[in-house]
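The structure under discussion appears below in the form of structure tokens.
Number of protein chains: 2
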Amino acid sequence: MSRTLGDPATTAIPGFEAGAAFVDGERVPIGEAKISIVDTGFSRSDVTYDVVGVWNGAFFRLDDHLTRFERSCRELRLALPHSREEMAGILTDLVRIAGLREAYVETICTRGASKGGVRDPRTFENKFFAYAVPFVWLLRPEDAETGMDAIIARTVQRIPTRSMDPTVKNFHWGDLTRGLYEAYDRGAHYPILLDADGNVTEGAGYNVFALVDGRLLTPVSGTLQGITRRTVMELAEQAGIPVDAVDLPEAEFRRGSELFATTTAGGVMPITSLDGEPVGDGEVGPVTRRLRDAYWAAHEDPRHITPVDYSG
Amino acid sequence: MSRTLGDPATTAIPGFEAGAAFVDGERVPIGEAKISIVDTGFSRSDVTYDVVGVWNGAFFRLDDHLTRFERSCRELRLALPHSREEMAGILTDLVRIAGLREAYVETICTRGASKGGVRDPRTFENKFFAYAVPFVWLLRPEDAETGMDAIIARTVQRIPTRSMDPTVKNFHWGDLTRGLYEAYDRGAHYPILLDADGNVTEGAGYNVFALVDGRLLTPVSGTLQGITRRTVMELAEQAGIPVDAVDLPEAEFRRGSELFATTTAGGVMPITSLDGEPVGDGEVGPVTRRLRDAYWAAHEDPRHITPVDYSG
Numbered sequence: 008m009s010r011t012l013g014d015p016a017t018t019a020i021p022g023f024e025a026g027a028a029f030v031d032g033e034r035v036p037i038g039e040a041k042i043s044i045v046d047t048g049f050s051r052s053d054v055t056y057d058v059v060g061v062w063n064g065a066f067f068r069l070d071d072h073l074t075r076f077e078r079s080c081r082e083l084r085l086a087l088p089h090s091r092e093e094m095a096g097i098l099t100d101l102v103r104i105a106g107l108r109e110a111y112v113e114t115i116c117t118r119g120a121s122k123g124g125v126r127d128p129r130t131f132e133n134k135f136f137a138y139a140v141p142f143v144w145l146l147r148p149e150d151a152e153t154g155m156d157a158i159i160a161r162t163v164q165r166i167p168t169r170s171m172d173p174t175v176k177n178f179h180w181g182d183l184t185r186g187l188y189e190a191y192d193r194g195a196h197y198p199i200l201l202d203a204d205g206n207v208t209e210g211a212g213y214n215v216f217a218l219v220d221g222r223l224l225t226p227v228s229g230t231l232q233g234i235t236r237r238t239v240m241e242l243a244e245q246a247g248i249p250v251d252a253v254d255l256p257e258a259e260f261r262r263g264s265e266l267f268a269t270t271t272a273g274g275v276m277p278i279t280s281l282d283g284e285p286v287g288d289g290e291v292g293p294v295t296r297r298l299r300d301a302y303w304a305a306h307e308d309p310r311h312i313t314p315v316d317y318s319g
Numbered sequence: 008m009s010r011t012l013g014d015p016a017t018t019a020i021p022g023f024e025a026g027a028a029f030v031d032g033e034r035v036p037i038g039e040a041k042i043s044i045v046d047t048g049f050s051r052s053d054v055t056y057d058v059v060g061v062w063n064g065a066f067f068r069l070d071d072h073l074t075r076f077e078r079s080c081r082e083l084r085l086a087l088p089h090s091r092e093e094m095a096g097i098l099t100d101l102v103r104i105a106g107l108r109e110a111y112v113e114t115i116c117t118r119g120a121s122k123g124g125v126r127d128p129r130t131f132e133n134k135f136f137a138y139a140v141p142f143v144w145l146l147r148p149e150d151a152e153t154g155m156d157a158i159i160a161r162t163v164q165r166i167p168t169r170s171m172d173p174t175v176k177n178f179h180w181g182d183l184t185r186g187l188y189e190a191y192d193r194g195a196h197y198p199i200l201l202d203a204d205g206n207v208t209e210g211a212g213y214n215v216f217a218l219v220d221g222r223l224l225t226p227v228s229g230t231l232q233g234i235t236r237r238t239v240m241e242l243a244e245q246a247g248i249p250v251d252a253v254d255l256p257e258a259e260f261r262r263g264s265e266l267f268a269t270t271t272a273g274g275v276m277p278i279t280s281l282d283g284e285p286v287g288d289g290e291v292g293p294v295t296r297r298l299r300d301a302y303w304a305a306h307e308d309p310r311h312i313t314p315v316d317y318s319g
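This is how it looks when you write it as structure tokens:
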């Protein structure tokens, strides 16, 4: 992607080079962005969030991310203190202040803190936070070309939907973190978790797909309804590749001739090894390549992008 | 409990009246105690904690709480930056600074933040926080005498041990918070969650007990191994009341002639209504009363208490 370094439009306001945050109505450098340790967003993980990418000076599917974020807040009965237009304005502001052409932009709504010892969360004042930092790659740089070494986690199961709705984006990552440590222990880096029925769900921040007998399959439930996932499903359909969201048993997933993961923090990420064995021939497959290219090309599709106004 | 107001030993240092916290090596008023929004203790709920009570100028079972806290850190592979002696010193300091004879004292260890974009949690610097605030009562004041109105949650299941080990005290409260809102919706205030097999687990911050055919029963698994729970089991044994930790099906729990909940933030708390129906005759039962009295009396047992040195 092209980028003109030194372009005045991409210069951070001094102090905001590492990123900019919105906290208690103020714009602060990311290093000063803090939350009270008695906000139940921390102390009860009573919080939802969303992440939207900025690529080449434009938000990608901003409206879809804010729609999901607003839905998540409603599901948790959190009252967002800002309208969608105000949030879009705040996010634009943060990207501009930090001078970022490529950014990882997060919105957060927490339940807030108890006042005067009353522990009833219905009485708390809900809080909105946001920040923009340089684009975050979930994939390690050394895996960008060769693909991910994934494992199916054996020591931990994904938190079930009956306990925590995964379509409400949340910070309940204890199971995913356990999976991450299991992956490290087994010499790999990227866990994929199963549910109690042995169906594939998702990984530590990514949805997964398998190309099985020419059909692209992805878990229908027990997982975040990722916007990158949705984009890839739309792009596959446009490319004439059959794609279905299904209950995806581990054995079926393992039959995949190609596997990949999807996330805002990296797009379409090939999985080239599973449990130490190569997937297919161990190279990035043609369908994965094609969808990866289509995904980045979609970042120039005017229906999906919201250019950032850097003039302030 | 006796307390001499105005006693110099119980006067807060000005500014610390609402509580004192230990953050980044500094003692700060609780209102200024904050954590970075990019610490994964917040953004991945990658954190453990413990809560110890101070009653009548002494910690109750401080060593047991710190033992459990250290075990929780080990289980999550968090490296505590302080020895047990240092932590005990910090906690004592906080209680003294805040001038509290009765206090709710929390220790927290977070994974910390990514540095330079590297997302591998093994590379993060783990962080220790602590705070002391005036004693927190989980029970609403209006329920202290008459007991809790509990429900068995129908819309949500407790996060299973295979996903998140409940014996490692954690902030994954999404299921408990959902239970809390279900309780409110049903005109009650205190949820009790079941597991996938229909066994009773725990509530939003409390273990539960049922007196069934003269035996005191409490869930053996799927729940925090509470220190108040342990204290009550020890006190029941000493009083000649048979007590067992068992798989506790909902139907068996419902047979209880007395029900109660236990937590550091309130001790033994009678449950006098369940799903809108009175438990037994709807009054606080004799076994519950006896154990509640024994619990507070144990706060004068020299084996369990660590007096706070208020002289600084």
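Chains as they are written, first to last, in the numbering used here: chain A, 8 to 319; chain B, 8 to 319.
Using N, Cα and C, we set each Cβ at its ideal position, and we do this for glycine too.
All values reported here derive from a predicted model rather than from experimental measurement.
Contact annotation for A/THR184 against chain B: ARG51, ASP53, PRO128 [CB-CB distance below 7 Å, chain order].
With contacts defined as CB atoms closer than 8 Å, A/THR208 and A/ALA305 fail to qualify as a contacting pair. Beta-bridge pairing by DSSP links A/ARG34 to A/PHE29. Along the segment 57 to 82 of chain A, there is no position whose C-beta sits under 7 Å from a C-beta of chain B.
With a threshold of 16 other beta carbon atoms within 10 Å, B/ARG310 falls short and is exposed. The bridge partners DSSP lists for B/ARG222 are B/VAL219. Taken in chain order, the complete alpha helix (DSSP H) segments of 4 residues or longer contained in the segment 148 to 193 of chain B are 181 to 192.
A distance below 6 Å between beta-carbons, with the five flanking residues on each side excluded, links A/PRO249 to the following residues of its chain, in chain order: ARG222. With fewer than three CB-CB distances shorter than 8 Å, the segment 85 to 100 of chain B does not count as touching the segment 283 to 302 of chain B. Residues TRP144, LEU145, LEU146 of the same chain have their beta carbon placed closer than 6 Å to that of A/GLY273, with the five preceding and five following residues left out of the count. Of all residues in the segment 218 to 245 of chain A, none has a C-beta nearer than 8 Å to a C-beta of chain B. For B/LEU298, the enclosing alpha helix (DSSP H) begins and ends at 293 to 304. Sixteen is the threshold: when 16 or more other Cβ atoms of the shown chains lie within 10 Å of the Cβ of B/VAL286, as they do, the residue is buried.
Note that the segment 246 to 262 of chain B does not touch the segment 33 to 52 of chain B; fewer than 3 beta-carbon pairs, one per stretch, sit closer than 8 Å. When secondary structure is reduced to three states using DSSP, A/GLU265 falls in the strand class. If you look at B/ILE97, you'll find it in the alpha helix (DSSP H) that goes 91 to 104. Taking C-beta separations shorter than 7 Å and ignoring five residues to either side along the sequence, the partners of B/GLY186 in its chain run ALA160, VAL163, PRO198, LEU200, ALA211, following chain order. Measuring C-alpha to C-alpha distances from A/ASP282 to each of A/GLY292, A/ARG261, A/THR270, A/VAL294 identifies A/ARG261 as the nearest. When DSSP states are grouped into helix, strand and coil, B/GLY229 belongs to the coil group. Boundaries of the beta strand (DSSP E) around B/THR55: 54 to 62. For B/SER43, the beta-bridge partners assigned by DSSP are A/LYS41.
According to the DSSP secondary-structure assignment, B/VAL286 is paired through a beta bridge with no residue.
Inter-segment contact for the segment 166 to 185 of chain B and the segment 213 to 222 of chain B is absent: fewer than three beta-carbon pairs are separated by less than 8 Å.
Below the 8 Å Cβ cutoff, chain B contributes ILE44 as neighbours of A/ALA28, in chain order. If you check each beta-carbon in the segment 161 to 180 of chain B against every beta-carbon of chain A, the ones closer than 8 Å belong to VAL163, GLN164, ARG165, ILE166, PRO167, ARG169, SER170, MET171, ASN177, PHE178, HIS179, TRP180. When secondary structure is reduced to three states using DSSP, B/ALA120 falls in the strand class. Residue pairing by DSSP places A/THR114 opposite A/ASP57, A/ALA137 in a beta bridge.
The closest CA to that of A/ASP127, considering only B/ALA190, B/GLU284, B/THR270, is found on B/ALA190. Using a Cβ-Cβ cut-off of 8 Å, A/ILE158 does not count as an interface residue toward chain B, since no Cβ of chain B sits closer than that to its own. The alpha-carbon of A/VAL35 is positioned some 20 Å away from that of A/GLY60. Shown here for B/ILE37: same chain residues with a beta carbon closer than 7 Å to its own, the five before and five after excluded, namely ALA25, GLY26, ALA27, ALA28, TYR138, VAL140 in chain order. No Cβ-Cβ contact shorter than 8 Å links B/ALA40 with A/SER121.
Between the C-alpha atoms of B/ALA195 and B/PRO277 there is a straight-line separation of about 14 Å. Under the DSSP definition of a beta bridge, A/TYR197 partners with A/ALA157. Contacts with chain A (Cβ-Cβ distance below 9 Å) from the segment 145 to 157 of chain B involve LEU145, ARG147, listed in chain order.
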